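So the structure is just underneath, and the comments pick up after that.
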Amino acid sequence: PDEMVKPFEKKVLESGLCDFAVPMSFFCHSGKQKIRYECSGYVALSEVDLTEIPTAFEIIEKTLLALKKSGEYLIDPSKVLLNQDTVYVHHSHLDVRIAYVPGICEGSPGRRNLMDFFRIMEKRIPLSGNSYLKNLMEETTINNRSLQDLINIVGEMRREIFLREENRDVEP
Numbered sequence: 005p006d007e008m009v010k011p012f013e014k015k016v017l018e019s020g021l022c023d024f025a026v027p028m029s030f031f032c033h034s035g036k037q038k039i040r041y042e043c044s045g046y047v048a049l050s051e052v053d054l055t056e057i058p059t060a061f062e063i064i065e066k067t068l069l070a071l072k073k074s075g076e077y078l079i080d081p082s083k084v085l086l087n088q089d090t091v092y093v094h095h096s097h098l099d100v101r102i103a104y105v106p107g108i109c110e111g112s113p114g115r116r117n118l119m120d121f122f123r124i125m126e127k128r129i130p131l132s133g134n135s136y137l138k139n140l141m142e143e144t145t146i147n148n149r150s151l152q153d154l155i156n157i158v159g160e161m162r163r164e165i166f167l168r169e170e171n172r173d174v175e176p
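Offset between the sequence shown (1-based) and my numbering: plus 4.
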């Protein structure tokens with residue numbers, strides 16, 4: 005991984021200051037560079053219960069926000085892989101961090117990476133939430149929305165989902 009990580013990226017990622025990333029450190033083992041992730045308090049997305057649509061969309065929004073934040077630390081968001089094994093969620097307050105895996109996302113440009121993440125989420129959430137995800141995928145591909153636009157769209161979806169859930173609870 006060392007040759008895939010630029011020196012400034014390594015410095016920033018090891019500093020612990022990147023609030024988008026799972027804290028990580030680089031070390032040498034048997035002559036090869038390795039990475040150690042400090043995941044205390046966090047679980048991989050694959051271990052998170054996504055049966056509640058509001059929770060699932062909160063995680064989607066926070067994942068997109070974390071991805072956007074990577075750019076603030078000069079880590080190209082298109083090189084940050086999003087999947088069930090790289091997105092981590094804090095078990096008590098749904099904070100989202102991404103395990104940055106150097107070099108693994110080289111062949112997966114930003115839009116395809118996002119679409120793959122949305123497809124993973126689509127398979128894991130209840131069917132009643134899939135129309136929102138289909139809309140999000142359409143906005144990503146057909147309308148070529150920016151990451152900030154997608155964050156705003158997910159925010160609007162979360163409000164709509166909240167209102168729908170509130171009305172469902174009130175109905176007799």
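Heads up, the beta-carbon is just placed ideally off N, CA and C, and yes, glycines get one too.
It should be emphasised that the depicted structure is a prediction, and the values quoted were computed from it without experimental measurement.
Between F24 and K73, how many whole angstroms is the CB-CB distance? I'm expecting something under 8 Å. Counted from its first residue, the sequence shown places residue 24 at position 20. Counted from its first residue, the sequence shown places residue 73 at position 69. The distance from the Cβ of F24 to that of K73 is about 4 Å, consistent with a contact at the 8 Å cut-off.
F61 beta carbon near the ligand SAH (any heavy atom closer than 7 Å): Here there are no bound small molecules, and the ligand SAH is not part of this structure.
Just to confirm my understanding: we take E65, look at its own chain, exclude 5 residues before and 5 after, and list those with CB closer than 7 Å. What are they? Locating residue 65 in the sequence shown gives position 61, where the first residue counts as 1. These residues qualify, in order along the chain: I155, V158, G159 and R162.
Keeping to the same chain, check which residues put their C-beta closer than 7 Å to that of G20; ignore five residues upstream and five downstream. Position 16 of the sequence shown, counting from 1, holds the residue named residue 20. Taken in chain order, the residues that qualify are P27.
Pull the bridge partners of R101 from the DSSP assignment, please. Taking the first residue of the sequence shown as 1, we reach residue 101 at position 97. DSSP lists Y92 as partners of R101.
Can you say whether S50 is buried or exposed, counting buried as having 16 or more other CB atoms within 10 angstroms of its CB? In the sequence shown, counting from the first residue as 1, residue 50 sits at position 46. Exposed: under 16 other Cβ atoms inside 10 Å.
Going by Cα to Cα distance, which pick from F166, E62, T144 and P130 is closest to V93? Within the sequence shown, residue 93 is the residue found at index 89, counting from 1. Answer by Cα proximity: E62.
When you compare only the Cα positions, how much space is there between I129 and R168? Position 125 of the sequence shown, counting from 1, holds the residue named residue 129. Position 164 of the sequence shown, counting from 1, holds the residue named residue 168. Rounded to whole angstroms, I129 to R168 spans 16 Å at the Cα level.
Is the Cβ-Cβ distance between N117 and L85 less than 8 Å? What you label residue 117 is simply residue 113 of the sequence shown in a count that begins at 1. What you label residue 85 is simply residue 81 of the sequence shown in a count that begins at 1. Yes, Cβ-Cβ distance for N117 and L85 is below 8 Å.
P58 and I165 closer than 8 Å at C-beta: Here residue 58 refers to the residue found at position 54 when the sequence shown is read from its first residue. Here residue 165 refers to the residue found at position 161 when the sequence shown is read from its first residue. Using a Cβ distance threshold of 8 Å, P58 and I165 count as a contacting pair.
CA-CA distance, Q37 and L68? Taking the first residue of the sequence shown as position 1, residue 37 is located at position 33. Taking the first residue of the sequence shown as position 1, residue 68 is located at position 64. The alpha-carbon separation between Q37 and L68 amounts to approximately 29 Å.
Can you check the region 37-76 for any alpha helix (DSSP H) of at least 4 residues that lies completely inside it and give the ranges in chain order? Whole alpha helix (DSSP H) segments, 4+ residues: 57-74.
Less than 8 Å between the beta carbons of I102 and A70, yes or no? In the sequence shown, counting from the first residue as 1, residue 102 sits at position 98. In the sequence shown, counting from the first residue as 1, residue 70 sits at position 66. Contact flag set, yes.
Going by other Cβ atoms of all chains shown within 10 Å of its Cβ, with 16 needed for buried, is S82 buried or exposed? For the purposes of this step, residue 82 is identified with residue 78 of the sequence shown, where counting begins at 1. S82 counts as buried, since at least 16 other C-beta atoms from the protein chains shown sit within 10 angstroms of its C-beta.
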